[in-house]
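J.:
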Amino acid sequence: MRTQRLYHSTIPRLAKPPLLAKLPTNVQERWAAKANDYKKKHFVSFPPFTAFVEFIRDQATIM
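Take 1 as the starting number for the sequence shown in the UniProt record's numbering and just add one per residue.
Encoded structure:
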């Protein structure tokens with residue numbers, strides 16, 4: 001049950017590349033760095049989707 005809940009709260013492995021491919025290269029690179037930092041800090045395989053959404057919101061205000 002816990003595994004299923006964790007799966008739903010992370011960006012699925014197959015959905016990540018097409019979603020990121022729509023972003024400008026510099027934003028993709030910034031997300032990769034932020035995601036890597038998140039994974040190291042929280043000892044997880046993928047950051048939660050909410051972290052990605054927050055990142056995109058921040059990028060939208062910058063651009």
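Just so you know, even glycine gets a beta-carbon here, dropped at the ideal spot from N, CA and C. Since we're looking at a predicted model, the values are computed, not measured.
#1: Please list the segments of the alpha helix (DSSP H) lying wholly inside the stretch 22 to 56, counting only runs of 4 or more residues, in order along the chain.
#2: Leu23 to Tyr38, Cα distance in whole Å?
#3: Using only CA atoms, which one of Ala21, Thr25, Trp31, Pro18 lies nearest to Arg57?
#4: By the 10 Å Cβ neighbour count, where 16 or more other Cβ atoms means buried, how is Phe52 classified, buried or exposed?
#5: Output yes or no for whether 8 Å exceeds the beta carbon distance between Phe55 and Lys34.
T.: Well, looking at it:
#1: 25 to 42
#2: 20 Å
#3: Trp31
#4: buried
#5: yes
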